[in-house]
Amino acid sequence: MKEMLKDIYFKSIWRKIKRLENEYKDFIFIFTFAGIGDLCYSFAFLEELKKREKKKIMVFTKRYLYRAVSYYEAVDIVKILSDRDSVFVESFLKAKRNWKYFNDGVNGSPFYYFSHWNRFGWEILRIPNVNYMDVQRYILYNFDDTAELTLPAVPDISLERFDDIDYKRTIIINPYSNFLKITDSRIFDTLTDYLSLQGFIVYTNTTKNQTALKGSRRLECSLEELYGLCKRVKLVASLRSGIIDLMIHSGGNFIVLYPDETYWDKIFRQAYTLTAWRTKNKIYEYLLKEEDEIMLKAEEIMVN
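Letter by letter, the sequence shown follows residues 0 to 303 in numbering that gives the first Met the number 0.
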């Protein structure tokens with residue numbers, strides 16, 4: 000019974016998707032339901048894709064990602080799916096029998112579906128110096144080394160409510176990640192204590208029920224506000240999280256911390272290195288356990 004109902008439902012979704020293809024013949028369709036970091040990677044070659052296919056782009060996503068999608072000028076139409084619908088559609092797209100049609104260019108398919116990258120398997124990332132951007136470039140998008148990255152155009156909005164902040168004496172710490180399950184946050188406490196003693200004001204970036212680090216001030220703001228703050232403050236120190244894939248394009252100074260080598264079978268740092276974004280600003284990447292190196296770099300940035 001379960002398989003029969005699933006089959007009927009999948010066929011229903013399939014008909015709707017084929018109807019889209021027939022109705023919008025000059026469009027590419029992109030489905031993305033994961034977090035902000037995944038969205039940034041998913042859109043990393045959007046302009047190149049549009050140029051190659053000579054088509055417009057329609058994106059299907061969840062409501063909470065709408066603002067992030069709007070930062071990409073290459074997107075022509077955004078369709079918001081309810082949480083319930085996105086779960087059903089994602090289940091359909093993840094089905095093995097549909098996977099090739101959506102991502103291998105079978106029969107010139109105009110559909111691209113971006114799930115979390117573990118669908119591509121670990122073996123690719125066991126090759127030295129290969130990262131997730133390479134997976135996007137060479138496998139999903141089928142581009143070569145000459146393809147240019149598509150970066151978000153985050154609007155520069157007013158930061159009037161932060162007028163009392165002395166940016167040159169302000170640090171933002173982001174110790175949280177929805178994806179990484181890290182329980183040892185001692186380095187963030189150490190950074191907060193040290194920087195506070197040096198006369199800097201430390202803010203902890205938080206959302207919902209997250210709490211500020213002891214000795215810091217709580218910061219809760221919009222993506223655009225956070226982007227503007229990251230651009231202006233002395234330093235942003237963060238656990239490696241998806242939001243950093245967006246914030247590093249602000250041009251600020253970043254210290255980004257990764258789990259130790261044992262996490263994700265030793266390939267997490269290689270897979271998600273921020274050097275893949277080829278930004279011009281200063282981004283320093285360390286393992287959480289490299290406390291001495293982290294503190295020395297923070298001190299160096301503070302005095303410059």
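Virtual Cβ for every residue (Gly too), placed ideally from N, Cα, C.
Compute the distance between the beta-carbons of residue i and residue j, then report whether it is under 7 Å.
{"i": "M57", "j": "F32", "result": "no"}
{"i": "N173", "j": "T272", "result": "no"}
{"i": "R239", "j": "V255", "result": "yes"}
{"i": "G229", "j": "G251", "result": "Reading off the sequence, residue 229 comes out as Cys, not Gly. Yes."}
{"i": "I35", "j": "L179", "result": "no"}
{"i": "N149", "j": "F42", "result": "The sequence given here places Thr at residue 149; Asn does not occur at that position. Yes, the pair counts as a contact, with Cβ atoms nearer than the cut-off."}
{"i": "F44", "j": "Y111", "result": "no"}
{"i": "M132", "j": "A275", "result": "yes"}
Check residue i in the structure and name its three-state DSSP category.
{"i": "V58", "result": "strand"}
{"i": "I126", "result": "coil"}
{"i": "L196", "result": "helix"}
{"i": "S11", "result": "helix"}
{"i": "E219", "result": "coil"}
{"i": "W98", "result": "No answer about W98 holds up, because its pLDDT of 48 lies below 50 and its placement is not dependable."}
{"i": "I172", "result": "strand"}
{"i": "F110", "result": "strand"}
{"i": "N21", "result": "helix"}
Taking all protein chains shown into account, do 16 or more other C-beta atoms lie within 10 angstroms of the C-beta of residue i, making it buried, or fewer, making it exposed?
{"i": "G241", "result": "buried"}
{"i": "Q209", "result": "exposed"}
{"i": "P151", "result": "buried"}
{"i": "Y63", "result": "exposed"}
{"i": "T191", "result": "buried"}
{"i": "T169", "result": "buried"}
{"i": "V105", "result": "Any reading at V105 must be qualified, since the residue scores a pLDDT of 43, below 50, and its modelled position is unreliable; no value is offered."}
{"i": "G227", "result": "buried"}
With respect to the alpha helix (DSSP H) encompassing residue i, which residues constitute its N-terminal and C-terminal limits?
{"i": "R160", "result": "Counting along the chain, R160 falls outside any alpha helix (DSSP H), and DSSP gives it neither H nor E."}
{"i": "V77", "result": "That residue, V77, is in no alpha helix (DSSP H); its beta strand (DSSP E) goes I76 to L80."}
For the beta strand (DSSP E) holding residue i, just list the boundary residues, first then last.
{"i": "A236", "result": "L234 to L238"}
{"i": "F26", "result": "F26 to T31"}
{"i": "I138", "result": "Run containing I138: none; DSSP gives neither H nor E here."}
{"i": "M245", "result": "It is Leu, not Met, that sits at residue 245 in the sequence shown. Where L245 is concerned, there is no enclosing beta strand (DSSP E), although the alpha helix (DSSP H) it sits in stretches over G241 to M246."}
{"i": "V255", "result": "F253 to Y257"}
{"i": "E289", "result": "E289 -> no beta strand (DSSP E), and no H or E assigned at all."}
Give the C-beta separation of residue i and residue j to the nearest angstrom, bearing in mind that I take them to be a contact with Cβ-Cβ under 8 Å.
{"i": "E20", "j": "P109", "result": "6 Å"}
{"i": "I171", "j": "V235", "result": "5 Å"}
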